[in-house]
Amino acid sequence: MAERTLIVGGLVVDPARGVESVRDVLIVDGEIREVAAGLSKKSGLADAARVDAKGLWVIPGLVDMHVHLREPGRESDETIATGTAAAARGGVTTVLAMANTEPVTDSPSQLEFLRSKARVDAKVNVLFAGAVTVGQKGERLTEFARLRRAGAAALSDDGRPVMNAGLFRRALEYADDLGLLVIDHCEDLTLSGGACAHEGPQALRKGLKGAPWAAETVQVMRDIALSELTGARVHLAHLSAVSSIEAVRAAKKRGVRVTAEAAPHHFALSDDMIPGYDADWKMNPPLRPAEDRAALVAALADGTIDAVATDHAPHGCAAKSLGFDTAPFGVIGLETSLAASLTALYHTKALTKRELVRRMSTTPAALLGLKSKGTLAPGADADLAIVDPDAPWTPEAPFASKSRNSPFAGRRLKGRVLHTFVAGRAVVHAV
Amino acid sequence: MTKDWGRKDLLGLETLSAAEIETILDEAASFKKAPAPRVLAGRTVAFLFSEASTRTRSSFEAAALRLGAECLSFSAAGSSLSKGESMLDTMLNLQAVGVTHFVVRHERSGVLEDLAPRVNAAVVNAGDGWHEHPTQALLDLLTLRERWGSFKGRKLVVLGDIRHSRVARSNLFALKKLGAKVVFCGPTPLVPDAFAALGATIEHDVEKALKGADAVNVLRLQLERMEQGFVPSLADYALVYQLTPARAMLMKPDALVLHPGPMNRGVEIASEVADGPRSVVLEQVSNGVFVRMAALALCDRGRARG
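Structure representation (C-alpha cells):
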C-alpha cells in the first residue's frame with residue numbers, strides 16, 4: 001500500500017517551475033506525485049493523509065549549505081540528532097555540515113563514519129563537506145577524489161581560511177575537474193587576528209579589538225582572481241561587507257564562476273544593536289554597521305548573493321559566558337533562519353516570495369548539484385515546509401538545538417514554520 | 001543626602017550624566033577640604049586585580065582606609081580571575097564573607113557589565129581592558145576643574161596610544177558631557193579616525209593639535225606596541241609625537257600637562273616637561289585618593305538604598 005499524503009489548499013511557491021498559486025500537493029512514497037488545483041476532490045484519494053494548508057505557503061524544504069553539527073568532538077554543544085531536529089523546526093530539510101569537527105573531516109573513513117551516523121540519527125538530509133587541507137592546517141590538500149567517492153558533497157576549510165594562495169589555486173583547479181564545489185571562509189588572518197568585533201566606532205567605544213572589513217574583502221578579491229585565472233568555480237561563505245559584495249557583483253558581470261551566500265544574522269542585524277558585551281551576538285565575520293546590512297539585502301535581491309545559509313554554530317553557555325573577547329565565535333540559526341529572512345527580506349518588500357524561496361532552497365540545491373531537491377516538481381523528493389508567513393513569533397530558549405546562543409532570542413519576528421516534511425514524512429507538526 | 005546619585009556601582013563614565021559626574025567631583029572636593037568622616041566604618045573593601053597595579057590599588061586602599069573601611073587584600077593569580085564564571089563565584093563568596101565593596105581591575109573590556117548587577121555589593125571599576133578607567137579620568141577632571149572652574153569651551157588634547165587606552169575613552173566620555181573639546185592625537189595606527197564617531201576630534205599632526213590647547217594628557221607608550229607593529233620603534237614615535245618643551249610651548253601659556261603614569265621619560269614626554277611648571281602630575285596623584293573616596297562613599301549610599 002502506497003503511503004500517500006495530500007496537502008490541501010496552500011499557496012505553492014516553487015521558483016524552479018515559476019509556480020505561485022493555490023494548489024494541492026500529492027505525495028506518494030516520499031516523492032511529489034502531482035501539484036494541481038482540485039486534487040482534494042478527486043476520487044481515489046480518500047485514504048490519503050490530509051494536511052490543511054489554507055492561508056499558508058507550501059514551499060520546497062530549505063537547503064542550508066552552511067551548518068556546524070559539532071559531531072564528532074563537541075557533542076555537548078550539538079549532535080547530528082539535535083542539529084537536524086533544529087533544522088526540521090526551521091523548515092530546513094537538507095543541510096551541508098562543515099568539516100571543522102574534532103577530528104577534522106579530512107579522510108574517507110571520517111566521512112563514512114559520519115554518513116552512517118547520519119543514517120541513524122538525522123531527522124533531515126545531511127550532506128557533509130570534506131576539508132580542503134589536511135587537518136585544516138592550510139598546508140597539504142586532502143584527497144579530493146577519495147573524499148568524493150566516500151560521499152563528500154563539497155569541500156571547505158570553513159572556520160579557517162585557506163591563506164596560502166598557491167595551494168588554494170590548486171584546490172580550485174583539482175576540485176573543479178571532479179565537479180566538487182569549494183567553499184571558502186574569506187578572512188585574511190594577518191588583518192583580523194585576535195579581533196572579536198567589527199573594526200569601527202562600536203568596537204572602539206567598547207574597547208574591543210576589531211577586524212576591518214578589508215580582512216574579508218582582501219581574500220574575496222583573491223579568490224575571485226584565482227577563479228578567473230583557473231576558470232574554476234568558487235563559493236564564498238558568509239559574506240558580510242559592502243566591499244566584498246561589490247567585488248562579487250563586478251566579477252559576476254565579467255562572467256567569473258563565483259557564487260556567494262549570506263547569513264540571516266548579517267542581513268537582519270547590525271553591530272550597533274549588540275547589547276553590551278553579550279557574546280550570543282559574537283560571530284565571525286562579525287556583525288557590521290547598518291550600511292553593510294543594507295548592502296547584503298540589496299545583493300540578495302539582485303542575485304549578487306546567491307543563497308541564504310545560516311552558519312549555524314552552536315556553543316554551550318559556559319563557553320559563551322567567558323566574555324565577549326574570549327568567547328568562541330558563532331551563533332545558532334537553523335530554527336530562526338526562515339523567520340528572520342521573512343522579517344528582514346520579505347516583509348520589508350526587498351524580496352518577493354519567489355525570490356526568497358529561490359535564495360533559501362532552489363539555488364543552494366542547484367549549487368550542491370541536488371537535482372531532486374529545491375523544487376516541488378513531480379518526481380522530486382517530497383521535502384517541503386508549510387509556513388505561516390505572517391505569524392508573529394518571538395524565539396526563546398529552549399531550542400531544539402542543544403545550544404541557545406542566538407541573537408534572535410527575545411526578538412519579535414514575523415513568520416513561522418508549521419510543518420516540515422522530509423521524504424514525505426512529517427518531521428515537525430507545530431502545535 | 002547627595003543629589004544626583006543613586007548608583008551602587010561606578011563602572012564607567014559613558015553612562016553617567018553630567019550631573020552625576022559633577023556630584024562625584026563635588027564629593028571629592030569636600031573630602032579634600034575637611035578631615036575625612038568615617039562614613040565607611042564597618043565596611044569591607046575587596047580588591048580584585050587580575051592585572052598588576054601599584055598606583056591605582058594603593059590609591060584606592062588609602063581612600064578606603066581614610067573613610068574607616070577595612071581592606072581585604074585578595075591577591076588573585078591572573079588565571080583564576082580570567083574566566084567570567086569563576087569571577088562571579090569569587091565575588092559571591094567574598095560577599096558572603098562580608099565584603100561590601102569590590103574594586104576590580106581586569107584585562108577584559110566590559111567584564112563588569114554582567115557581573116555588577118549580579119552582586120549586592122558596590123562595584124567600582126579600576127580599569128577594564130581598553131574600555132574605561134573612570135576614577136583615573138575623574139582625578140584628571142578634578143585637577144582640571146580646580147584650575148579652570150568650568151570645562152565649557154576648554155580644549156584637552158589626549159596624546160599617544162588612544163586605541164589601547166581606557167583612560168582616553170573615560171576622558172572623552174566625561175569631558176564631552178561637560179562641554180569641553182577633546183582632541184585625540186597620535187599616529188593613525190594608534191589613533192584610528194573612527195574615534196570621530198564617538199565625538200573626539202582627530203588630529204594626527206601634533207603641532208596642530210597642541211596649538212591653543214588648555215591641557216594635554218600624555219599617555220604612556222608601551223613597548224609591546226612596537227612588537228605588535230603599531231609603531232616601528234619607540235624612538236621613531238618619540239621623534240614625531242614626544243611632548244618636548246618646544247611642542248608644549250604651542251599650547252596656551254597657562255596650559256596644563258597631565259600624565260596618568262607611569263611615565264616613559266624620553267619616549268612620550270621629555271623630562272623637562274614632566275617636571276616643569278605646567279606639570280600637574282603629582283596633583284593628579286593626590287586628587288586620585290579623593291575621587292576614590294567619593295566613588296566608594298557614593299556607591300555605598302547607592303548600595304544601602306538598593
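So the sequence lines, in the order shown, correspond to chains A and B. Its first residue numbered 1, the first sequence is counted upward by one per residue in this note's numbering. Its first residue numbered 1, the second sequence is counted upward by one per residue in this note's numbering. Beta carbons: idealized from backbone N, C-alpha and C, even for Gly.
Identify, in the order they occur along the chain, each residue of the same chain with its Cβ nearer than 6 Å to the Cβ of Glu70 (chain B), setting aside the five sequence neighbours on each side.
Thr44
Determine which residues share a DSSP beta bridge with Leu72 (chain B) and list them.
B:Ala46
Counting only beta-carbon atoms, is Val8 (chain A) nearer than 9 Å to chain B?
no
Does any CB atom of chain A fall closer than 9 Å to the CB of Phe195 (chain B)?
Chain A, which has a Cβ nearer than 9 Å to the Cβ of Phe195 (chain B), makes this yes.
Amino acids of chain A, ordered along the chain, whose beta-carbon sits closer than 7 Å to that of His131 (chain B):
Lys206, Gly207
So Asp325 (chain A) contacts chain B; which residues on that side make the cut at Cβ distance below 8 Å?
Contact of Asp325 (chain A) with chain B by beta-carbon distance below 8 Å involves Arg108, Ser109, Gly129.
Pairwise C-alpha distance: Pro264 (chain A) and Gly210 (chain A):
Cα to Cα, Gly210 (chain A) sits roughly 21 Å from Pro264 (chain A).
Closest to His421 (chain A) by CA distance: which of A:Val19, A:Glu20, A:Val28 is it?
Correcting the residue type first, residue 421 (chain A) is Phe in the shown sequence and not His. Of all alpha-carbon atoms in A:Val19, A:Glu20, A:Val28, the one lying nearest the alpha-carbon of Phe421 (chain A) is that of A:Val28.
So is Arg169 (chain B) in contact with chain A if we call contact Cβ pairs under 9 Å?
yes
With 16 other Cβ atoms within 10 Å as the buried cut-off, status of Val120 (chain A):
exposed
Kindly indicate the opening and closing residues of the beta strand (DSSP E) around Pro389 (chain A).
Counting along the chain, the beta strand (DSSP E) containing Pro389 (chain A) begins and ends at 384-393.
Check whether the stretch 2-14 of chain B and the stretch 109-123 of chain B are in contact - that is, three or more C-beta pairs closer than 8 Å.
yes
Am I right that Ala291 (chain B) and Arg278 (chain B) are in contact with their C-beta atoms under 8 Å? What's the rounded C-beta distance?
In the sequence under discussion, the amino acid at residue 291 (chain B) is Val, which differs from the Ala named in the question. Val291 (chain B) to Arg278 (chain B), Cβ: 22 Å. No contact.
Per DSSP, what kind of secondary structure is Ala49 (chain A) in: helix, strand or coil?
DSSP places Ala49 (chain A) in strand when its eight states are reduced to three.
Mind listing the chain B neighbours of Gly410 (chain A)? Cutoff is C-beta to C-beta under 7 Å, in chain order.
Near Gly410 (chain A) there are no residues of chain B at all, since even the closest Cβ is about 16 Å away, more than 7 Å.
Could you check how far apart the C-beta atoms of Asp205 (chain B) and Gly186 (chain B) are, in whole angstroms? I think they sit under 8 Å.
Gly186 (chain B) and Asp205 (chain B) do not touch by the CB rule: their CB atoms are close to 11 Å apart, not below 8 Å.
Option in B:Glu51, B:Val97, B:Pro117, B:Ala63 with minimal Cα separation from Gly302 (chain B)
Per the Cα distances, B:Pro117.
DSSP-derived helix/strand/coil call for Gly78 (chain B)
Any answer about Gly78 (chain B) is weak, because its pLDDT of 48 lies below 50 and its placement is not dependable; what the coordinates show is given next. DSSP places Gly78 (chain B) in helix when its eight states are reduced to three.
With DSSP run on the structure shown, which of helix, strand or coil describes Asp302 (chain A)?
When DSSP states are grouped into helix, strand and coil, Asp302 (chain A) belongs to the helix group.
Within a Cβ cutoff of 6 Å, which residues of the same chain sit near Val124 (chain A), ignoring the five residues on either side of it in sequence?
Thr84, Ala87, Ala88, Thr93, Val422
Can you list, in chain order, the residues of the stretch 273-288 of chain A whose Cβ is nearer than 7 Å to any Cβ on chain B?
Gly276, Tyr277
Between A:Ala152, A:Glu139, A:Pro108, A:Phe113, which lies nearest to Ala129 (chain A) when the distance is taken from Cα to Cα?
A:Ala152
Are Val182 (chain A) and Leu155 (chain A) touching if we call contact CB-CB under 9 Å?
Taking 9 Å as the cut-off, the beta carbon of Val182 (chain A) is found closer than this to the beta carbon of Leu155 (chain A).
Compile a chain-ordered list of the residues in the stretch 94-125 of chain B whose CB is closer than 8 Å to at least one CB of chain A.
Arg108, Ser109, Gly110, Val111, Glu113, Asp114
Proximal chain A residues relative to Arg7 (chain B), where beta-carbon distance stays under 8 Å:
Ordered by position in chain A, no residue passes the 8 Å Cβ test against Arg7 (chain B), which lies about 16 Å from the chain.
Assess contact between the stretch 52-61 of chain A and the stretch 379-391 of chain A, defined as three or more Cβ pairs (one per stretch) separated by less than 8 Å. Is contact present?
The stretch 379-391 of chain A and the stretch 52-61 of chain A touch, with three or more beta-carbon pairs separated by less than 8 Å.
Please report the straight-line C-alpha distance between Arg38 (chain B) and Leu65 (chain B), rounded to a whole angstrom.
9 Å
Mapping DSSP to helix, strand and coil, what is Cys185 (chain B)?
strand
Whole alpha helix (DSSP H) runs in the stretch 217-302 of chain A with 4 or more residues, listed along the chain?
242-253, 264-268, 290-302
Just the Cα atoms here: how many angstroms apart are Ser372 (chain A) and Leu413 (chain A)?
Here the alpha carbon of Ser372 (chain A) sits roughly 31 Å from the alpha carbon of Leu413 (chain A).
Residues of chain A with CB closer than 8 Å to the CB of Pro192 (chain B), please, in chain order.
Glu199, Leu204
State the DSSP-derived secondary structure class of Met1 (chain B), mapped to helix, strand or coil.
Any reading at Met1 (chain B) must be qualified, since the residue scores a pLDDT of 45, below 50, and its modelled position is unreliable; the value itself is stated next. Correct three-state label for Met1 (chain B): coil.
For the stretch 178-232 of chain B, list the alpha helix (DSSP H) runs that are entirely contained and at least 4 residues long, ordered along the chain.
If we require 4 residues or more, the alpha helix (DSSP H) runs fully inside the stretch 178-232 of chain B come out as 206-210, 223-227.
Range covered by the beta strand (DSSP E) that runs through Met65 (chain A):
62-67
Short of 8 Å Cβ to Cβ, which residues in the stretch 35-61 of chain B face chain A?
Residues of the stretch 35-61 of chain B with a C-beta less than 8 Å from any C-beta of chain A: none at all.
Rounded C-beta distance between Phe151 (chain B) and Val123 (chain B)? I'm assuming under 8 Å.
Contact flag wrong, Cβ pair sits at about 27 Å.
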